[in-house]
Each structure stands twice: as C-alpha cells, then as structure tokens.
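Peer 1:
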Amino acid sequence: MRLHRLTLTAFGPFGATQEVDFDALSSAGIFLLHGPTGAGKTSVLDAVCYGLYGAVPGARQSPGTSLRSDHAPVDRPTEVRLELTVGGRRLEVTRRPAQPRPKKRGGGFTTEKAQSWLREYHPEHGWKALSRSHQEIGEEIGGLVGMSRDQFCQVVLLPQGDFARFLRADAEARGKLLGRLFDTRRFAAVEERLAELRRAAEARVRAGDEQILALAHRLAQAAGPAAEEPAPEERPGEPGLAEAVLRWAAVARSGARERLDIARWMLTAAERRSDAARLLAESERELARLQQRYE
263 MRLHRLTLTA FGPFGATQEV DFDALSSAGI FLLHGPTGAG KTSVLDAVCY
313 GLYGAVPGAR QSPGTSLRSD HAPVDRPTEV RLELTVGGRR LEVTRRPAQP
363 RPKKRGGGFT TEKAQSWLRE YHPEHGWKAL SRSHQEIGEE IGGLVGMSRD
413 QFCQVVLLPQ GDFARFLRAD AEARGKLLGR LFDTRRFAAV EERLAELRRA
463 AEARVRAGDE QILALAHRLA QAAGPAAEEP APEERPGEPG LAEAVLRWAA
513 VARSGARERL DIARWMLTAA ERRSDAARLL AESERELARL QQRYE
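In this note's numbering, the protein residues as written are 263 to 557.
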C-alpha cells in the first residue's frame, strides 16, 4: 500500500483544510512526523485510519468523542479524503462523520449522517465513482489491505501502548495476523506438503516396524529356550524399535548358537559311545557264537 495524498478539513485540531502530499515527502526516502505535543501528529495518523476504515484507533473512537474540530466554522463540514494505491489500484476514499450542521430553514442545527465515497482512477478514463455504501467500501478496502482496522492499528500505525498488546498476544493470533500481512500462503502450502510427506513416512515406518515385530515373534518361537530375554515391547512407530529388535535377535542368535554347539558336542559324544557299544556288542556276539559252537 502506498499513500499519495491526504486532505483534512475541520478534523481534530485542524480547523481549516490541510493537505499532506505523501509523494513529495517520500520522494527522498523515509520521512519523520515531528512536532510538540498537541501539534496534530496523531491526528494525521488518525485521519489515515479513518479514511481507510471509517474509524480511528483505540479510545479516540469511543462514544461521546467527536472527530470534528472545535476551531472550524459551523458551516465547514468535517471531511477526510485519502488517495492511495493498494492492490495495484489507485483509489480515493472520502469520508464525512456524522456531524451537526445548520438547518437550511430556520435556526438551530440538525445532525447530518455519516457519508462515504469511493472512486478509482483509470489512466484512460480518469476518476470513476465506485460506491457510496459504507459496507461496500469497507469490504473493498479491507479486502485490498488484507487487515481489519484493529490489525492495521496494531502492526502499521503502532499507536501508543497498543503494539505491546500485539506482542503479548498468543502465537496463533500473531501468526494469523502476520500471515495475512506478509501473505505466507506459499509457506503454508510448503508446510502442508512437508506434513503430508511426514505422515506418509510415518506410515511406511509403522508398516516396516510391524513387519519387524512379526519377524521377532517368529524368531522367538523358533528360538524357544534359546531366547533368554523376551521380545522387545516397543510398539510400531516408536523410536528405537528396530535397534531393540536387532539387539534382542543378536542375543537370541548367540544363545541358539551356544546351544547348537553344546548339542553337537553331545551328539558327537553319544555317537562315540554308540560306536563303542556296538563294538562291544559285536565282540559279545562273537564270543557267544564261539561258545555255542564249542558246546
């Protein structure tokens, strides 16, 4: 958003018409609003906010307060005109608050309702009227700026004391506001894509863990007493499951190998005893045969 021109009439401390040429001020870079207390610095910012949203920040818009200057003649209406470029469109917003004016007939005053005008500039056709509806203008400006009045006052105008409220807000509220301010939709899309990849990876890891646990149970059944320790109790998806199963399987394999070596040694010893018994039996049979033949 870029401000071009602000015109104030009978607004705040300004009894006459004052004009601020922001293009001339910003041509050399940044500029400073400076002056003693009561000079009208805040009123200039209030006028910008009023031109955009039809209201001023904070308590200055509370009931009983008036935007009309006490120094203005009774026949001079209070008005704010703001020319700006936002969303690639050059617009002019004119607003008049509800205010008293002299009656056209007789004496006394009558209250004139608040009024708003919105125009857009086209290089070929010049200024074109768009709307005189407060609601339509508010929706149009709010959609182009991308912030509500409260949000605009918190992060753009930075009025006294209100910025601290923004800093103290919770992370979700600040995240929504800053997301609208800096248009972080592409980052949100990347975050969502990364979240989808994370969920898919978690599903693959969980499926792999289920297969590992199934193999571990089959190993436990096959190992029998050789598995001195119970199978890991970790659930699919928990970190460290694969390492725990590998350690348990290594212990079970070592135990099974030891039992296999012992079984082989016992088998060899049994085979030797069997051979010795067979030789002894053959010798006894031969002796029995000879004794029978002798008899």
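In this text, a Cβ means the ideal position worked out from N, Cα and C, and glycines have one as well.
Per the DSSP calculation, residue 383 is bridged to which residue(s)?
Peer 2: Per DSSP, 389.
Peer 1: Smallest Cα separation from residue 414: which of 543, 551, 316 and 275?
Peer 2: Taking only the C-alpha atoms, the option nearest residue 414 is 316.
Peer 1: Going by Cα to Cα distance, which pick from 504, 279 and 463 is closest to residue 476?
Peer 2: The residue with the shortest Cα to Cα distance from residue 476 is 504.
Peer 1: Nearest-angstrom Cα distance between residue 283 and residue 267?
Peer 2: Spanning the two alpha carbons is a distance of roughly 5 angstroms.
Peer 1: Determine the direct distance from the alpha carbon of residue 501 to that of residue 347, and round the result to whole angstroms.
Peer 2: Looking at the two C-alpha atoms, the distance is approximately 54 angstroms.
Peer 1: Comparing alpha-carbon positions, which option in 458, 379 and 371 lies nearest residue 345?
Peer 2: Answer by Cα proximity: 379.
Peer 1: Roughly how many angstroms separate the alpha carbons of residue 457 and residue 485, rounded to a whole number?
Peer 2: The alpha-carbon atoms of residue 457 and residue 485 are separated by roughly 41 angstroms.
Peer 1: Contact between the segment 328–336 and the segment 268–279 is defined here as three or more beta-carbon pairs at a separation below 8 angstroms; is this criterion met?
Peer 2: Because the criterion of three Cβ pairs below 8 angstroms is met, the segment 328–336 and the segment 268–279 touch.
Peer 1: Can you give me the start and stop residues for the alpha helix (DSSP H) that residue 334 sits inside?
Peer 2: That residue, residue 334, is in no alpha helix (DSSP H); it is neither H nor E in DSSP.
Peer 1: Measuring straight from C-alpha to C-alpha, what distance separates residue 542 and residue 536?
Peer 2: Those two C-alpha atoms are separated by around 10 angstroms.
Peer 1: Between which two residues does the beta strand (DSSP E) harbouring residue 266 extend?
Peer 2: 264–273 is the span of the beta strand (DSSP E), which, as asked, contains residue 266.
Peer 1: Helix, strand or coil: how does DSSP classify residue 558 here?
Peer 2: Residue 558 is absent from the model: the chain starts at 263 and stops at 557.
Peer 1: Within the chosen definition, does the segment 297–310 reach the segment 390–397 through at least 3 CB pairs nearer than 8 angstroms?
Peer 2: Verdict: no, contact absent.
Peer 1: For residue 382 versus residue 361, is the C-beta distance shorter than 7 angstroms?
Peer 2: Taking 7 angstroms as the Cβ cut-off, residue 382 and residue 361 do not qualify as a contacting pair.
Peer 1: Consult DSSP for residue 395 and reduce its assignment to one of helix, strand or coil.
Peer 2: Three-state DSSP puts residue 395 in coil, outside helix and strand.
Peer 1: Is it buried or exposed, residue 403, if we count other Cβ atoms within 10 angstroms and call 16 or more buried?
Peer 2: So residue 403 ends up on the buried side.
Peer 1: Please state the DSSP three-state secondary structure of residue 283.
Peer 2: Note: residue 283 maps to strand in three-state DSSP.
Peer 1: Is the distance from the Cβ of residue 342 to the Cβ of residue 309 below 7 angstroms?
Peer 2: Their beta carbons are under 7 angstroms apart, which means residue 342 touches residue 309 by this criterion.
Peer 1: Determine the contact status of residue 349 and residue 406, defining contact as a CB-CB distance below 7 angstroms.
Peer 2: Taking 7 angstroms as the Cβ cut-off, residue 349 and residue 406 qualify as a contacting pair.
Peer 1: Would you mind stating whether residue 340 and residue 359 have Cβ atoms separated by less than 7 angstroms?
Peer 2: Yes, these two residues count as a Cβ contact at 7 angstroms.
Peer 1: By DSSP, does residue 371 sit in helix, in strand, or in coil?
Peer 2: Strand at residue 371.
Peer 1: Quick one: residues in its chain with C-beta nearer than 6 angstroms to the C-beta of residue 468, no 5 flanking neighbours on either side, listed in chain order?
Peer 2: The residues are 498 and 499.
Peer 1: For residue 366, which option in 355, 483, 290 and 337 has the closest C-alpha, if you only look at C-alpha atoms?
Peer 2: When each option's Cα is compared against that of residue 366, the closest is 337.
Peer 1: Out of 521, 474 and 534, which has the shortest C-alpha to C-alpha gap to residue 509?
Peer 2: Cα-wise, what sits closest to residue 509 is 474.
Peer 1: With a 10 Å radius around its C-beta and 16 neighbouring C-beta atoms as the bar for buried, classify residue 409 as buried or exposed.
Peer 2: That one is buried.
Peer 1: Spell out the partners DSSP gives residue 487 in its beta bridges.
Peer 2: For residue 487, which the question treats as bridged, DSSP gives no partner whatsoever.
Peer 1: Checking 7 angstroms against the spacing of the C-beta atoms, do residue 507 and residue 465 come in under that value?
Peer 2: Contact flag unset, no.
Peer 1: Rounded to a whole number of angstroms, what is the C-alpha to C-alpha distance between residue 318 and residue 386?
Peer 2: Approximately 34 angstroms, taken between the alpha carbons.
Peer 1: Can you tell me whether DSSP reads residue 536 as helix, strand or coil?
Peer 2: DSSP places residue 536 in helix when its eight states are reduced to three.
Peer 1: Is it buried or exposed, residue 355, if we count other Cβ atoms within 10 angstroms and call 16 or more buried?
Peer 2: It counts as buried.
Peer 1: Can you have a look at residue 463 and say buried or exposed, based on whether 16 or more other CB atoms are within 10 angstroms of its CB?
Peer 2: By the neighbour-count rule (16 or more Cβ atoms within 10 Å), residue 463 is not buried but exposed.
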